[in-house]
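Asks: Okay, handing you the structure first.
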Amino acid sequence: MELEKTAFEWMADHRRLKKIMNANRNKEDSVIYMFLDFDGVINIFLLEGTPEYEKALAKKEFDFANRECVQRFNRFMADYPDVKVVVSSSWRYAGLPYCQDYLEKAGMDPKIRLELQTDSHTMKPRELHITDFLFEHPDFKGFIIFDDMKMPHLNDYLVQTDCLVGWNDERDAYARKILEKYI
267 MELEKTAFEW MADHRRLKKI MNANRNKEDS VIYMFLDFDG VINIFLLEGT
317 PEYEKALAKK EFDFANRECV QRFNRFMADY PDVKVVVSSS WRYAGLPYCQ
367 DYLEKAGMDP KIRLELQTDS HTMKPRELHI TDFLFEHPDF KGFIIFDDMK
417 MPHLNDYLVQ TDCLVGWNDE RDAYARKILE KYI
């Protein structure tokens, strides 16, 4: 099981990813994949002692899903309906039906379907799960990653969020810039 790649291997992977995207650029059936993490993107964390934390504590509501982040996700998907969501979050271990139900209860538009996920059988860095998925599904003309983790080897495709803020307006605008390259 491969857990790390050398700089040379990452460089080769970048070339291969770009070759696939270029080959699919004008194909009618090519897709754009969105790799979606939950924690730090849709789910945000409340710091003890903050007004948000105290409000949640008083209401006894510690729902991690942030409704504003979910609504941004809904608007993004409405604007880019052909994007296919791939659950790359560790929540994928609970299964796609659970993830679908969880996000719908948090306000996700039920028309948005979570039908794909990265490998859930091996433990390795998320960057490797994402590249493995892409090489196993070479029908893409582009991809974007929403995650709060650093991914130095996939940084050109990464919309890195702050785990205390999640998918905010600034990150949304940045994501749209990335996606426009593929439209």
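Under the working numbering, think of the first position of the sequence shown as 267, with each following residue one higher.
Ideal Cβ positions, reconstructed from N, Cα and C, are used throughout, including at glycine.
The model shown is predicted, which means the values in this text are computed figures rather than measured ones.
1) Check whether the Cβ atoms of Thr427 and Asp414 lie closer than 8 Å to each other.
2) For Asp303 and Val353, what's the separation of their Cα atoms in angstroms?
3) Please check if any C-beta of chain C sits within less than 8 Å of the C-beta of Asn434.
4) Need the endpoints of the beta strand (DSSP E) that Lys350 sits in, please.
5) Alpha carbons only, please: which of Asp405, Lys390, Thr384 and Met374 is nearest the one belonging to Ile503?
6) Going by C-alpha to C-alpha distance, which of Leu430, His419, Ile449 and Ala331 sits closest to Thr272?
7) Along the alpha helix (DSSP H) that carries Asn271, what are the first and last residues, could you check?
8) For Tyr448, which residues in the same chain have their Cβ closer than 6 Å to its Cβ, ignoring the five residues on either side in sequence?
9) My parser needs the beta strand (DSSP E) runs of 3 or more residues fully inside the region 398-447; what are they?
10) Give a yes or no on whether the C-beta atoms belonging to Leu382 and Val336 are separated by under 8 Å.
11) When you compare the CB positions of Phe342 and Ala278, do they come within less than 8 Å of one another, or not?
12) Please classify Glu275 as buried or exposed, where buried requires at least 16 neighbouring CB atoms within 10 angstroms.
13) Rounded to whole angstroms, what's the CA-CA distance from Ile310 to His280? Just pull it up for me.
14) What are the boundary residues of the alpha helix (DSSP H) that includes Leu369?
15) For His395, is the classification buried or exposed, using 16 other Cβ atoms within 10 angstroms of its Cβ as the cut-off for buried?
16) With a threshold of 16 other CB atoms inside 10 Å of the CB of Phe401, please say whether the residue is buried or exposed.
17) For Met374, name the three-state secondary structure that DSSP assigns.
18) Run through DSSP, which three-state label would Asp279 get?
Replies: According to the data block:
1) Taking the first residue of the sequence shown as 1, we reach residue 427 at position 161. Taking the first residue of the sequence shown as 1, we reach residue 414 at position 148. For Thr427 and Asp414, yes; Cβs fall inside 8 Å.
2) Numbered from 1 along the sequence shown, position 37 holds the residue referred to as residue 303. Numbered from 1 along the sequence shown, position 87 holds the residue referred to as residue 353. Using only the alpha carbons, I get a separation of about 6 Å.
3) Judged by its chain identifiers, the structure shown contains no chain C, having just a single protein chain.
4) As a first step, residue 350 must be located in the sequence shown, where it is residue number 84. Run containing Lys350: Val349 to Val353, per the beta strand (DSSP E) assignment.
5) Since the first and last residues shown for the chain are 267 and 449, residue 503 lies out of range.
6) As a working mapping, residue 272 is identified with position 6 in the sequence shown. The shortest C-alpha to C-alpha distance from Thr272 to any of Leu430, His419, Ile449 and Ala331 is the one to His419.
7) The count along the sequence shown starts at 1 and reaches residue 271 at position 5. The identity of residue 271 in the sequence shown is Lys, whereas the question assumes Asn. Premise fails: Lys271 is in no alpha helix (DSSP H) and is neither H nor E.
8) Taking the sequence shown and counting its residues from 1, one reaches residue 448 at position 182. The beta carbon of Tyr448 lies closer than 6 Å to those of Ile298, Lys407 and Gly408 in the same chain, with the five residues before and after it left out.
9) If we require 3 residues or more, the beta strand (DSSP E) runs fully inside the region 398-447 come out as 406-413 and 424-426.
10) Looking up residue 382 in the sequence shown gives position 116. Looking up residue 336 in the sequence shown gives position 70. Their beta carbons are not under 8 Å apart, which means Leu382 does not touch Val336 by this criterion.
11) Against the sequence shown, residue 342 aligns to sequence position 76. Against the sequence shown, residue 278 aligns to sequence position 12. In this structure, Ala278 does not lie closer than 8 Å to Phe342 by Cβ.
12) Locating residue 275 in the sequence shown gives position 9, where the first residue counts as 1. Under the 10 Å beta carbon count, Glu275 is surrounded by fewer than 16 other beta carbons and is classified as exposed.
13) Counting from 1 along the sequence shown, the entry for residue 310 is found at position 44. Counting from 1 along the sequence shown, the entry for residue 280 is found at position 14. Straight-line Cα distance between these residues: approximately 31 Å.
14) Within the sequence shown, residue 369 is the residue found at index 103, counting from 1. Element bounds for Leu369: Leu362 to Lys371.
15) Mapped onto the sequence shown, residue 395 falls at position 129. It is buried - the Cβ of His395 has at least 16 other Cβ atoms within 10 Å.
16) The residue given as residue 401 occupies position 135 in the sequence shown. Exposed, because fewer than 16 other Cβ atoms sit within 10 Å of the Cβ of Phe401.
17) In the sequence shown, counting from the first residue as 1, residue 374 sits at position 108. Under the three-state reduction of DSSP output, Met374 falls in the coil class, being neither helix nor strand.
18) Numbered from its first residue, the sequence shown carries residue 279 at position 13. Shown here, Asp279 sits in a helix according to DSSP, grouped into three states.
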